[in-house]
DNA sequence: TAAAAATACTCCATAGGTATTTTAT
DNA sequence: ATAAAATACCTATGGAGTATTTTTA
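Chains as they are written, first to last, in the working numbering: chain Z, 1 to 289; chain G, 1001 to 1289.
Shown next as structure tokens:
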């Protein structure tokens, strides 16, 4: 039994058409037909119910193809493994980061990675955490910078903690807290905060902190980016929490640190435990600390 | 690339010896050597570091073989799928059950299964829950009758609930409770109960109930089987909880039901979500209710 | 020097190509 | 009538066998 046979049945199932599948597999239609017949007689079951007009997958065929896809996936992983082994760093890496981290962290992180692994080809994707996890599990990205622990427990994902990003209180210069060198959590009770829109992990992180320190959300407004959030504070709409990594020097805003221990988010580098690049990813993660 | 190539490299890695591997694979030694050389030149990497005295797997070889094993596993699952499709019920099924369930439930359950699926070949294994879960995940058994929820959350396992097995209080005829038609949970406060030994899920179940109703364990004694436990109650050593399924008519013991809702354990049929037999197992489970 | 992998060579099964036929709409 | 799968037939590749050589512990 040849690996190619599995590609054949997957392709036929995909197109429901021997001719198109033959084209995709770069073989002639009769060759494909013959191989399928041989495979079916070897298995002793029909994989496709077909005549010259219609091709459809049988029940058992569907189950076989499901497994065949796993096999093809594994062979592709072997190819990737070999490619990596031949030139460990001349590899494509797709990296994700969530929107309230990406613009502040990636400009620091990526040059660090390139300096250590100059031959890496890096592709960046900025998406919400939920989307990144989906893409990671689907193999569309290799790794992501995410806040851990993840919102859901996923056993096939592992991660390496990079750093802790503490939150500061951002207030306009005219605000009553603007003169404070530090701020105590309980000084905030009664205040309400501007937060990010649904689906942004910064929103969830801030809400967690809010519930701890007895602060509520300012309900009238939700920001879709951290920069919008910052602009709203400048415009005197309210105050908010800003992660330290997003703090700029010489800003019109005033950033006040919390008393120790400050509220914070933990940023980690996350990958599939079955990733063929996991050793490289671990090296990268260790190099980032 | 042929599936057989993967079997070859797995076998060579297993024996670290081309000759023995050739024997296991039913090919001549030169044929095996040739195939490995072709595979290595196709991959462009050495899988084995070898001379005429020593064979050892390279780093990249180890990774390739890891994936190759997955591929061989999947092909075997395809074979099983086909075997099942050809004769859905003439299949071997390895069933596990834990010790405080097996002797009472299996004599009822197995005949039921055989009646519905007369061609099944059933093998039974009695082990503690922890061992059964391990065997299930390793593919050594196909299914198990276990108490759910399982002690740990395992995402690759799914189950179908069969029934709820309520606990009764077992006391000797001379005991002060022996005349009660029913018993209230709070009547037991201050009592202490005989329990099973560590590792038996009946122990954990009973301990859970104990903590709910404010009862403690009788520390001096731990039973290694439910029958021993029963004998100790008969011998006036103490009282205990016995699952209803283990209750016998005309026993020297007195079994007193609890007020509704009684303490109970939930018995389910458990299998790997990737099992090739899962459709049959689901049918069996539904037939048992 | 002996055990084990590699090489040399031969053979045959089979995968794949082209040309053609069958079949269902 | 036409599109598409099946069949027929031929070729080339490659997998496997036996006999032999090379290698190194």
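Note that beta-carbon positions come from the ideal geometry of N, C-alpha and C, so glycine has one too. In this text, all values refer to a predicted model and were calculated from it rather than measured experimentally.
Chain G beta carbons: is any one of them nearer than 8 Å to that of residue 78 of chain Z? yes
What does DSSP give as the partner residues of residue 4 of chain Z in its beta bridges? Answer by DSSP bridge pairing: none, since residue 4 of chain Z is not bridged.
Quick check on DSSP: helix, strand or coil for residue 1150 of chain G? coil
From residue 146 of chain Z to residue 185 of chain Z, what does the alpha carbon distance come to, in whole angstroms? 26 Å
Close-in-space but distant-in-sequence residues of the same chain around residue 1116 of chain G (CB under 7 Å, 5 per side omitted): 1287
So, for residue 1234 of chain G: in the same chain, excluding its five sequence neighbours on each side, which residues have a beta-carbon less than 8 Å away from its beta-carbon? 1172, 1252 and 1253
Quick one: what does DSSP say residue 208 of chain Z is sitting in, helix, strand or coil? helix
Which of helix, strand or coil does DSSP assign to residue 219 of chain Z? strand
Does chain G have any CB closer than 8 Å to the CB of residue 278 of chain Z? no
Contacts of residue 1034 of chain G in chain Z (Cβ-Cβ under 9 Å): Correct list: empty, because the minimum Cβ distance to chain Z is about 17 Å.
Between which two residues does the alpha helix (DSSP H) containing residue 167 of chain Z stretch? Residue 167 of chain Z -> not in any alpha helix (DSSP H); beta strand (DSSP E) instead, spanning 157-171.
Where do the N-terminal and C-terminal ends of the alpha helix (DSSP H) with residue 1234 of chain G fall, by residue? Where residue 1234 of chain G is concerned, the enclosing alpha helix (DSSP H) stretches over 1226-1234.
Any residues in the segment 1056-1070 of chain G with a beta carbon nearer than 7 Å to a beta carbon of chain Z? Which ones, in chain order? 1060, 1063, 1064, 1067 and 1070
Taking Cβ-Cβ distances shorter than 8 Å, what residues in chain Z pair up with residue 1304 of chain G? The displayed coordinates of chain G run from 1001 to 1289. Any statement about residue 1304 of chain G would go beyond what the structure contains.
Output the distance between the C-alpha atoms of residue 1107 of chain G and residue 1129 of chain G, rounded to the nearest integer angstrom. 19 Å
Let me see if you follow: with CB-CB separation under 8 Å, is residue 1002 of chain G close to chain Z or not? Yes - at least one Cβ of chain Z is within 8 Å of the one on residue 1002 of chain G.
So residue 89 of chain Z contacts chain G; which residues on that side make the cut at Cβ distance below 9 Å? Correct list: empty, because the minimum Cβ distance to chain G is about 15 Å.
Beta-carbon of residue 151 of chain Z versus every beta-carbon of chain G: anything under 8 Å? no
Mind listing, in chain order, the continuous beta strand (DSSP E) runs of no fewer than 3 residues lying wholly within the segment 1106-1143 of chain G? 1121-1126
Starting from the N-terminal side, write out each stretch of the alpha helix (DSSP H) that is 4 residues or longer and does not extend beyond the segment 232-270 of chain Z. none
Would you please state the rounded distance, in angstroms, between the beta carbons of residue 58 of chain Z and residue 72 of chain Z? I believe it to be under 8 Å. About 20 Å; that fails the 8 Å criterion.
What does DSSP give as the partner residue(s) for residue 1019 of chain G in the beta ladder? Bridge partners of residue 1019 of chain G: none, in fact.
I believe residue 133 of chain Z touches residue 150 of chain Z by the beta-carbon criterion, under 8 Å. Please report the beta-carbon distance rounded to the nearest angstrom. 7 Å
Quick one: any contact between the segment 1064-1079 of chain G and the segment 1090-1097 of chain G, if contact means 3 or more CB pairs under 8 Å? Contact fails: fewer than three Cβ-Cβ distances are below 8 Å.
Answer yes or no: do residue 110 of chain Z and residue 122 of chain Z have a C-beta to C-beta separation smaller than 8 Å? yes
Evaluate residue 42 of chain Z with the Cβ neighbour count: other Cβ atoms within 10 Å of its Cβ, from every protein chain shown; 16 or more gives buried, anything less gives exposed. It counts as exposed.
Which value, in whole angstroms, describes the spacing of the CA atoms of residue 1282 of chain G and residue 1208 of chain G? If I take the Cα positions, the gap works out to 30 Å.
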